[in-house]
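As structure tokens, the structure follows; a few thoughts come after it.
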């Protein structure tokens, strides 16, 4: 698997406003050593990776993109001979992907795209040649890599490429019958439709996500609420309210389960944000402001300034102005 830590670290430092020399001075590291690491000429020590992570406020996600020596060797062997894929390799690839997803909570999406696409292509290459009992697990990891890539492009308004990747992610999820991953990719297509101002697409894709077999209850709640918002924008008030009822019927079931690992952000607080978008579209402005304010306040610290949260902050502003 590629080592894209240098690229991710360089971009993270740039986005945080640090030159290489300023970063070295701030972390008390030799500038020449840091230069070799950032240019891919030397592997970083664990301490340097953590120092860079702390400097840019990545909350452990940047350092988490690095494999330890054992995992790196294991992945290298499997990449050279995918027909001998083992469970440890899949675990390592899934761990790196989880770190990338967390990095998206603090980094600019455009800064994560190049490395993400490179990793995605490598995982897809391995999947093409993989054999044995671990292939389905690798297929799910590949689906999530493709889905995550599509999500990054959706955030940067590169909608055509984003939708293409999300369609591919659905197909990969369907190969193994993974409803959680399929529903999340459809959810992101709903997000794209909302950014494009297409209420039909909002209702269609979030509705499809909510009704995907195997979707997690927390996913279905958010999807029903966002589909309801699309219907409300189409003046389909009764249909929208029925979807709100469908969401509310799932809340007890969702409360008894942790959110899926592949959609770790789907806490009750996050679904207050979805309820806020829904009630805003229904014209219930004071209620929307309350939901959005509570949802934003309930986000973990590392998510409060995530680029995707700007949409909800803007919705809160509009709700307050209209109330």
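Numbering (the UniProt record's numbering), first residue to last: 1 to 323. The beta carbon of each residue, even a glycine, is placed where N, CA and C say it ideally should be. Predicted model, so just to flag it, every value in this text is computed and none were measured.
key: Span of the alpha helix (DSSP H) around residue 103   = 87 to 103
message = Which same chain residues end up closer than 6 angstroms to residue 224 when comparing Cβ atoms and leaving out the 5 residues on each side of it in sequence?
response = 210, 243, 246, 247
query = So, using beta-carbon positions, are residue 78 and residue 126 closer together than 8 angstroms?
reply = yes
Distance, residue 69 Cα to residue 291 Cα = 46 angstroms
Three CB pairs or more closer than 8 angstroms across the region 23 to 37 and the region 47 to 61 = yes
task = Verify whether the separation of the beta carbon atoms of residue 206 and residue 187 is less than 8 angstroms.
result = yes
query = Is the CB-CB distance between residue 183 and residue 202 below 8 angstroms?
reply = no
request  = Determine the burial state of residue 45: buried for a count of at least 16 other Cβ atoms within 10 Å of its Cβ, exposed for fewer.
outcome  = exposed
query = To the nearest angstrom, how far is it from the Cα of residue 75 to the Cα of residue 155?
reply = One C-alpha to the other measures close to 30 angstroms.
ask   = Looking at the structure shown, is residue 250 part of a helix, part of a strand, or coil, going by DSSP?
value = Looking at residue 250 - three-state DSSP - the assignment turns out to be coil, as it is neither helix nor strand.
key: Length of the line joining the Cα atoms of residue 148 and residue 306   = 15 angstroms
query = In whole angstroms, what is the alpha-carbon distance linking residue 166 and residue 31?
reply = 41 angstroms
Beta-carbon separation (whole angstroms), residue 150 vs residue 102, contact threshold 8 angstroms = Residue 150 to residue 102, Cβ: 18 angstroms. No contact.
query = In its own chain, which residues sit with a C-beta less than 7 angstroms from the C-beta of residue 293, not counting the 5 before and 5 after it?
reply = 316
request  = Less than 8 angstroms between the CB atoms is what I'm expecting for residue 170 and residue 185, so what's the real figure, rounded?
outcome  = The pair is a contact, with the Cβ atoms about 5 angstroms apart (cut-off 8 angstroms).
key: Straight-line gap, residue 288 to residue 121 (C-alpha atoms, nearest Å)   = 41 angstroms
query = Does the Cβ-Cβ distance between residue 134 and residue 86 come in under 8 angstroms?
reply = yes
task = Tell me whether residue 73 is buried or exposed, calling it buried when 16 or more other Cβ atoms sit within 10 Å of its Cβ.
result = exposed
message = Does residue 162 pass the burial test, meaning 16 or more other C-beta atoms within 10 Å, or should it be called exposed?
response = With 16 or more neighbouring CB atoms inside 10 Å of its own CB, residue 162 falls in the buried class.
request  = Could you spell out the range, first to last residue, of the alpha helix (DSSP H) harbouring residue 28?
outcome  = For residue 28, no alpha helix (DSSP H) segment is defined, and its DSSP state is neither H nor E.
query = What do you reckon, are the CB atoms on residue 280 and residue 318 nearer than 8 angstroms?
reply = yes
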